[in-house]
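Visitor: Sending over a structure as structure tokens; questions will come in a sec.
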Amino acid sequence: MDHETRSDIESASSAADAREARHAAEATPLPAQWSEPEPPSRRSPAAPTADEASCPVCLERIAAGVALCPECGEPTDGSKRPVRAPSIPDAPPDASWLSLHWRPLVTIGAILGLISTGGALRYLAPHRFAPSRAASAVPPPAPVCGAPCWSGESCQLGRCVWQRPNNVGHLVDAPSVAGPFSLPKDAFDALPLDRDRFAVALSSGLEVRSSRTGEALSLVTEAPNVRRLHRVGEVVYATSPSRIYVIDAATTRLLKTIELGEAVGDIQVGASGRRVLASLPEAHAVAILATEYHAEIERIQFGDDPVRPVAVDDSGTRAITTTGQLPLPGQREPASGGVAYPFDPSRLGSEQDRVRTSMVGNPASALMSPDGSVGFVALRAENTLVPLTWLPSGAVRQEARITTCREPEQIELVRSDRRVLVRCNEGRAIQVFDLSKRELVRAVTFPGRALDMAVAPDGAQAVVALSGDEAGSVALVDLKTYAAKVHPLGGEPTRIRLAPDGGSALALGDRAKVAWVLQ
């Protein structure tokens, strides 16, 4: 018998022995308490026959005597299967314990070293054992302003501080004077557009002239019969006997025409520039204009009284209009008694409270505080200033009158110090009043009559037009020190107009029809 035949017989006998042992184990019954049905998936297959064998690897039935299993391709003889090296090699037989465990020892040592270094550094820190200092006292909270601040103010350390707008200023102490520039005989008003140009209101239209030479640059013929010029943001409102022309200040292009049907007496900008109040004396009314689209949105009637001066607060909810007017030179005060009308421009004309208060003495000028809490009316014939306080019911109460210099004609607000400037024509002075205390702070006198006044947009200077026996002048008043510097012009100016940035001023002489530019 050769070697291969003997191997096949041995393989068959070993496979037969394995089957018999398995059958014997299956035939042995289990104890009753441990017996349980075996899942079908785990039950052993039926015993192979004499011509069959079971693969020792996949346990599939194969023909007896086959060298390789047709199902898994493994040798049926276990001695012929290749021996593979284990995935994790065994440790060498002569390896020491340290060579087998040095990695975790190094990791644990690094962690312990890091902890020890931190403890040593904390122990050796400077002033480690010094007594702890007492905690610093918590600063008290900053005080809060009791009353709401005005528009343009901020609350700082319990006080409302005015913040000067950007890109605005005032005239220098010794400005350069250009002029006099002769104007046409039909010139009614003039207004500086910027440092290089100024506009003149003529019967033929709006004329633009150079601030350096006084020469005419252009003429807006689409806006004829212009009487007064008012700056409203980036545009100019040019009033005529029955309408208002809206002209772009940069391009001098006519943007729109607002038809009113009546002559305009006074124009005031309120509600932070969103509303314009135009008094209509012949219509006994005040027109409310929206500056967003330049149109009349409401008209408020005031009985049979020809209202002229108008004042409004920053919110646009409280305003005053009076029946006073400035008499022409040489004329007397109006004989009729004056009145003042407080009203709410934000409400419809049919919903007004119709509050009418007597103001005998020619109420020539009015002023509203920016927060709308109080108003002031200047009585030119009585030389007094009348404060008006708004009540919660909507009515107003006249407070104690304040005595002023002779013939107060104009009231202007100085936001930087919350003060009021009163210009007196016959008194030849301007008076400074504290708005909250309602007390006289300072009086600045001049060598001539004070004909007009303008306050710089930064609140640091007041420009006053003065008359004289032979020639007029312009006074620059520092509103911090109240020092006045008078600059002669060689003619009598009757009006003062400031550029939007305050860096230049225009002095207009109505009688001689001349103009000066100060820069």
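Numbering (my numbering), first residue to last: 75 to 593.
Beta carbons: idealized from backbone N, C-alpha and C, even for Gly.
Just tell me which of L267, F262 and L198 has its CA closest to the CA of C277.
Guide: According to the sequence displayed, residue 277 carries Ser and not Cys. Nearest option by C-alpha distance: F262.
Visitor: Excluding sequence positions up to five away, which residues of its chain have a Cβ less than 6 Å from the Cβ of P217?
Guide: If we look at P217 and ignore the five residues flanking it on each side, its Cβ neighbours are G232.
Visitor: Run through DSSP, which three-state label would E502 get?
Guide: First, the residue type needs correcting, since residue 502 is Arg and not Glu in the sequence shown. Coil, per DSSP.
Visitor: Starting from L179, follow the alpha helix (DSSP H) in both directions and report where the run begins and ends.
Guide: Where L179 is concerned, the enclosing alpha helix (DSSP H) stretches over W176 to Y197.
Visitor: Any contact between the stretch 476–489 and the stretch 408–427? By contact I mean 3 or more CB pairs, one from each, below 8 Å.
Guide: At 8 Å Cβ cutoff, the stretches do not touch.
Visitor: Count the other CB atoms, across all protein chains shown, that sit within 10 Å of the CB of P444; report buried if there are 16 or more and exposed otherwise.
Guide: Buried is the call here.
Visitor: Need the endpoints of the beta strand (DSSP E) that P416 sits in, please.
Guide: Start and end: V413 to F417.
Visitor: Buried or exposed: where does Q107 fall if 16 or more other Cβ atoms within 10 Å of its Cβ makes it buried?
Guide: Because the pLDDT at Q107 is just 44, under 50, the model does not fix this residue reliably, and the point stays unresolved.
Visitor: Taking V551 as part of the beta strand (DSSP E), name the residues at either end of that continuous run.
Guide: Counting along the chain, the beta strand (DSSP E) containing V551 begins and ends at S547 to D552.
Visitor: Can you look up E486 in the DSSP assignment and give me helix, strand or coil?
Guide: Strand, per DSSP.
Visitor: Using only CA atoms, which one of G243, N241 and G226 lies nearest to V235?
Guide: When each option's Cα is compared against that of V235, the closest is G226.
Visitor: Report the CB separation of G522 from G546 in whole angstroms; it is logged as a contact under 8 Å.
Guide: Right, the Cβ-Cβ distance comes to about 7 Å (below 8 Å), so this counts as a contact.
Visitor: Please name the residue in A127, E566 and P315 whose C-alpha comes closest to that of V300.
Guide: Taking only the C-alpha atoms, the option nearest V300 is P315.
Visitor: Can you tell me whether R382 is buried or exposed? The criterion is at least 16 other CB atoms within 10 Å of its CB, across all chains shown.
Guide: Burial call: buried.
Visitor: Does R116 come out as helix, strand or coil in the three-state DSSP assignment?
Guide: Note that R116 has pLDDT 46, beneath the 50 cutoff, so the model's placement of it is unreliable and no number is given.
Visitor: Which residues mark the beginning and the end of the beta strand (DSSP E) in which G449 is found?
Guide: V448 to L453 is the extent of the beta strand (DSSP E) around G449.
Visitor: What three-state label does DSSP hand E134 in the structure shown?
Guide: Of the three classes helix, strand and coil, the one that applies to E134 here is coil, per DSSP.
Visitor: Looking at the unbroken beta strand (DSSP E) that takes in Y367, where does it start and where does it end?
Guide: Unbroken run through Y367: none, as it is neither H nor E.
Visitor: On the CB-based measure, 16 or more other CB atoms within 10 Å of its CB, does A101 come out buried or exposed?
Guide: A caution first: A101 carries a pLDDT of 47, below 50, which makes its placement in the model unreliable, though a value can still be read off. The residue is exposed, with fewer than 16 neighbouring Cβ atoms inside 10 Å.
Visitor: Looking at C-alpha atoms only, which residue of R373, P574, R406 and V140 is the closest neighbour of A352?
Guide: Checked all of R373, P574, R406 and V140; the closest Cα to A352 is R373.
Visitor: Beta carbon of V451: closer than 6 Å to some heavy atom of the ligand GTP?
Guide: Within the structure as shown, the ligand GTP is missing, as the structure has no ligands at all.
Visitor: Identify whether G344 lies in helix, strand or coil by the three-state DSSP scheme.
Guide: Three-state DSSP puts G344 in a strand.
Visitor: Using DSSP with H/G/I as helix, E/B as strand and the rest coil, what is G583?
Guide: Note: G583 maps to strand in three-state DSSP.
Visitor: What does DSSP give as the partner residues of D263 in its beta bridges?
Guide: A275.
Visitor: Apart from the five residues just before and just after D270, which ones in its own chain have a Cβ nearer than 6 Å to its Cβ?
Guide: Answer for D270: S285, listed in chain order.
Visitor: Output the distance between the C-alpha atoms of I189 and G147, rounded to the nearest integer angstrom.
Guide: If I take the Cα positions, the gap works out to 59 Å.
Visitor: In the DSSP assignment, find the unbroken beta strand (DSSP E) run with P461 in it and report its ends.
Guide: Here the beta strand (DSSP E) through P461 covers T458 to W464.
Visitor: What do you get for G577, buried or exposed, if any count of 16 or more other CB atoms within 10 angstroms of its CB means buried?
Guide: It counts as buried.
Visitor: Which residues mark the beginning and the end of the beta strand (DSSP E) in which A438 is found?
Guide: Run containing A438: P437 to M442, per the beta strand (DSSP E) assignment.
Visitor: Nearest by alpha-carbon distance to L363: which of V551, R454, L572 and R348 is it?
Guide: Minimum Cα distance to L363 is reached at R348.
Visitor: Buried or exposed: where does Y311 fall if 16 or more other Cβ atoms within 10 Å of its Cβ makes it buried?
Guide: Looking at its Cβ environment, which holds 16 or more other Cβ atoms inside 10 Å, Y311 is buried.
Visitor: On the three-state DSSP scale, how would you describe S424?
Guide: S424 falls in the helix class under three-state DSSP.
Visitor: Please classify L572: does DSSP put it in a helix, a strand, or coil?
Guide: It is a strand residue.
Visitor: Got a sec, what are the start and stop residues for the beta strand (DSSP E) D491 sits in?
Guide: Per DSSP, D491 belongs to no beta strand (DSSP E) and is neither H nor E.
Visitor: Roughly how many angstroms separate the alpha carbons of P114 and V140, rounded to a whole number?
Guide: Only weak support exists for where P114 lies, its pLDDT of 45 falling under 50; the value from the coordinates is given anyway. Computed Cα separation, rounded: 29 Å.
Visitor: Is C132 buried or exposed, if buried means 16 or more other CB atoms sit within 10 Å of its CB?
Guide: Classification of C132: exposed, given that the 10 Å Cβ count is below 16.
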